[in-house]
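Step one of this worksheet: look at the structure below.
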Amino acid sequence: MGDKRSHIIQDIPEGKEADAEIFQFIGIRLEKEIYGIEVNKVKEVAKPFQITPIPGTPSHIMGLMNLHGEILCVVDLKVLLAMGTAGSTENSKIIVVKTAEGPVGVFCDEVIDIFDIMKKDLEIPLSTLSSAMGEYIKAQAQTRCGLMGILDIEKLLYKQEK
Amino acid sequence: MSDMYWRLVIPLAIILAFNVALFVLIKVKIIQRLKLTKNLIIVLLVVTLVPILCTSFAAQRTISSATYAGICEKLMAVGKTRSLFLNEKLEAVKVDAETFATNWIAIEVLRRISFEKKDRSDPDFNALFERAEGHFNRSRVAKGYDDIMLVSAEGKIMLTCSGHKKEIGLDISEETYFKTGMGKTHFTDLFYNKFAEKNLIYVITPCRDLQEKFIGCVIVEMDMDRIYDMLSDREGLGESGETYLVNKEKLMVSESRFARDAILKTRVDTFGVNEGLLGRSGVAVYNDYRNFPVIGSWHPVQYTNWMLLAEIDQKEAFMPLRVNRLNQIILISATAVMVIFIAVFSALATVKPVRELIAVARHIGEGKLDQEVKIQCHDEIGVLINMFNGMVRNMRLLAEQAAVISRGDLTTSVDARGDLASAFNVMGDSLRSLIRQCQESIVRIASASSQMMSSFEEQSSGATELSASVSEITATMEELSSSAKQVAMNAESVAKIAEDSEVTGQQGMESVSESVHIMEEIKKVTKNSADKILSLSEKSQKIGDVLGIIKEIAGETHLLALNASIEASAAGEFGKRFGVVASEVRRLAERTKASAEEIKNVVSEIQVSTNESVLSTEQSVKNVEKGVDVVQKVGRSIESILNLIERTTDASRQIVMATQQQQSATAQVAGTMREISDVVKQTALSLKQTTATVAELNKMADDFKEVVRQFKT
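Protein chains in written order, with my numbering: chain S, 2 to 163; chain V, 599 to 1311.
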């Protein structure tokens, strides 16, 4: 499991100062669990607006949405994480994630907050997590709202694309 | 004609009227209502005195007018004669004066004085003057004048004869009589001459020369002595007759018989003087200067403005008339007295036997038959007296027979004629048979009365028993009456209690209606609060809406803040500060959201509780309605209780009334029973009395038998 941590730490400078370095994560809620996405990978947060389903696409593709004149593909994270399908609520939000192939919309039940977490507080995820999911959780951290799993969002998205 | 009327027609009419009146009085029998004496007196007086009075009245009138005419004639004659004499006398004076004025010596003297202005210093003129003086003095003495004077044309007295030397030279040119006398002969009025010292009149006449020139005047002074002698002659004028003169100032010129020293002093303003001043002569009756009624004549006198009045007192003139009237009164009175005497005498002569008859008849009327009229007359009244005496005798016989019958002797009969006597005899027979019948009847009465007595005694004992039983009934009725009174009292108290309950029930009724009212009030208030709660619920709903908006805005803000944070993070070191702000905003939005959520929860709690309250209010409204129903039910039952009470009151009242009626009826029965008891008692008493009476009757029948036995039949 140490390689995973080092995977994250790859991007982070070593040393005491590096321990005090602060990372920012957007905390989102799926069902009752909290997941975090690195802020620097997020372009913006938007409200879901007329998601047009596209026939013949995989189940995790919810459809297309017009955001500021650009066509955005919206992905259902719950399907990806095998947590059933997303139900639209009033708190539902779409996180626009910057990927190498352009922005992708991630549908979540609620955006909780942006958490500032120091490097030393990042923990190796527990092995109790399902093995299927475990590979997409880079780390975990305690927040005021509970335990937050930090997603490896690119891997998750790429996995699907593969 | 009028005289004729007074003397004949009126007396005749009066006599006729009186006689007709008398006739009528006799005819309608008014005069017969008086007694005989008065009757006769009235008739005789009317028949004798009325004609005598009428005749004397007529005679009196004739004599009176004749006397008046005679006196007037006499006065006119005397007055005329004397005025003629006076006129002649004055005419003579005038002629004398004019003669003196045409005497040559007077002309000569005056001519020389007036034209030649001579005076007595001239010897020739002095001689002439003395001659003239002598001439005129002689003439004066001869004619009896007081004086003769010559007056010059300037009005100076030049010559006098009477020796009044003081008069010579006196200027009279301003005197009225001189001015008038310059033209023609003028008579002055009587005046007092201070030189002669007596009353005189002047006769002044103008003197002219041969050329008809005025040269002076001659004045003759005359006193009135001779005229007075003539006037004071009283021949034919009686005791109060007189003649006198009055001048135009209405002053007396001559002496009067009744006024001494009257000349030019006494004023005479009488009807005669006023008529005489108009220049006429006449005669009339008027009041003279002494204010005595007189008959007088008046005559104007020539030259002077005098008039001569001849007057005689009315009293004296009409003296014979009064004497005549007195004579007549005496004669008529004597006649009346005689007539009354004769009437009374003849009436008494007629009336005396009638009075005797009346006295005896009064005695007989009183039942005394022992008198007879003893006066003997031969006229109709005498016949009446004889018949009356016979009648009285007949009555006396009948009275004697009645006395015999009254003694119980029915065996005799009266032997007089007439219906009364025969009726008397028939009566005797009837009485005889009656007595016999009576005797038989008495025997029968006696037996009947003893039977009655026994039956009455039986009745009496029955009545006593009846009385006892009636008393018992009365006592029972009185007990009944008192018990009915008790019942009535009880019923009255029941009625009283029922009335009190009614009052209380009505109060309860009022309370019920008040409760209903209050319930309604509660219902209204509760509904009101339910409405308010509903509106509160609506408002909280609205708050919820607003909260939704707030929440949305907070969400948007959160999103914006997130994006801002992302942008800040993207900006790296430069965006750090902005990131802090964005995170603060985000926190704020979150807090807002949380608060909104909290408020929403509270609001929804409020909504829940308001809904609950609405429900509970509705429940309470229902409960209040139920309460109203219950109270109304209570009211209805109180009402029915009231009705029952009312009926109870009515029933108890009826009981009271019925018991009262019963009581009064019982009392009436008791009263009636008492009356019956009284009646029974009275009946018993009267039965006893009747029994006694019947016993008496029995005894009386025995007595009667004894009495009847006394009659001889």
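Positions of the beta carbon are idealized from the N, C-alpha and C atoms, including for glycine.
For residue i, count neighbouring C-beta atoms within 10 Å of its own C-beta (all shown protein chains included) and say buried if the count is 16 or more, exposed if not.
| i | result |
| --- | --- |
| S/I115 | buried |
| V/G877 | exposed |
| V/S1053 | exposed |
| V/T1264 | buried |
| S/Y137 | buried |
| V/Q999 | buried |
| V/H1115 | exposed |
| S/C146 | exposed |
| S/A140 | buried |
| V/W702 | exposed |
| S/H8 | Below a pLDDT of 50, predicted positions are generally treated as unreliable, and S/H8, at 48, falls in that range; the measurement from the model is reported next regardless. Classification for S/H8: exposed. |
| V/M756 | buried |
| V/K764 | exposed |
| V/Q1308 | exposed |
| V/H1156 | buried |
Whose C-alpha, out of the options, is nearest the C-alpha of residue i?
| i | options | result |
| --- | --- | --- |
| V/T1124 | V/V1222, V/E1182, V/T665, V/S1080 | V/V1222 |
| V/V1278 | V/N685, V/I705, V/V1068 | V/V1068 |
| V/E1216 | V/G1269, V/E1165, V/N1126 | V/N1126 |
| V/T665 | V/F1022, V/I893, V/Y901, V/Q1259 | V/I893 |
| V/K692 | V/S662, V/C670, V/Y743 | V/Y743 |
| S/F24 | S/L65, S/Q51, S/D122, S/P126 | S/D122 |
| V/P583 | V/I927, V/I910, V/Q1260 | One cannot answer for residue 583 of chain V here, as it falls past the ends of chain V, which runs 599 to 1311. |
| V/L829 | V/M1255, V/R855, V/N1199 | V/R855 |
| S/E106 | S/A21, S/Y36, S/M63 | In the sequence as presented, Glu is not what sits at residue 106 of chain S; that position holds Gly. Nearest of S/A21, S/Y36, S/M63 to S/G106, Cα basis: S/M63. |
| V/I624 | V/L610, V/I1164, V/I640, V/L748 | V/I640 |
| V/I1095 | V/I1274, V/S1250, V/Q1260, V/D1276 | V/S1250 |
| V/R1030 | V/V1306, V/D694, V/K1286, V/E840 | V/V1306 |
| S/L82 | S/E34, S/G28, S/A142, S/I27 | S/E34 |
| V/E1210 | V/I1131, V/A1256, V/R1234, V/A1066 | V/I1131 |
Within 9 Å (strictly less), CB to CB, does residue i reach chain V?
| i | result |
| --- | --- |
| S/I10 | Unreliable positioning characterises S/I10 in this predicted model, as indicated by a pLDDT of 45, which lies under 50. A coordinate reading is not provided. |
| S/G147 | no |
| S/A47 | yes |
| S/T90 | no |
| S/K94 | yes |
| S/I151 | no |
Any beta-carbon of chain S closer than 9 Å to the one on residue i?
| i | result |
| --- | --- |
| V/G1153 | yes |
| V/R1184 | yes |
| V/E1203 | no |
| V/I1164 | yes |
| V/E1171 | no |
| V/I1147 | no |
| V/E1188 | yes |
| V/H1115 | no |
| V/G1177 | yes |
| V/A1168 | yes |
| V/S1181 | yes |
| V/N1161 | yes |
| V/Q1213 | The sequence as given places Leu at residue 1213 of chain V; Gln does not occur at that position. For V/L1213, the answer is no, since every Cβ of chain S falls outside 9 Å of its Cβ. |
| V/L1132 | no |
| V/V1222 | no |
Can at least three beta-carbon pairs, one atom from the region 625-643 of chain V and one from the region 943-950 of chain V, be found at a separation below 8 Å?
yes
Assess contact between the region 1222-1231 of chain V and the region 1109-1128 of chain V, defined as three or more Cβ pairs (one per stretch) separated by less than 8 Å. Is contact present?
yes
Give me the subset of the region 107-128 of chain S whose CB atoms are less than 7 Å from a CB atom of chain V, sorted by chain position.
V112, D114, I115
Contact residues within the region 26-50 of chain S, judged by C-beta distance below 8 Å to chain V:
I27, V40, N41, V43, K44, E45, V46, A47, K48
Decide yes or no for the touch test of the region 894-905 of chain V against the region 843-850 of chain V: beta carbon pairs closer than 8 Å, at least 3 of them.
yes
Does the region 779-786 of chain V come within contact of the region 801-813 of chain V, defined as at least 3 CB pairs closer than 8 Å?
yes
The region 974-984 of chain V / the region 673-682 of chain V touching (three or more Cβ pairs under 8 Å)
no
Within the chosen definition, does the region 814-832 of chain V reach the region 727-745 of chain V through at least 3 CB pairs nearer than 8 Å?
yes
Examine the Cβ distances between the region 94-110 of chain S and the region 67-76 of chain S and report whether three or more of them are shorter than 8 Å.
yes
Would you call the region 934-944 of chain V and the region 958-973 of chain V in contact, with 3 or more CB pairs under 8 Å?
no
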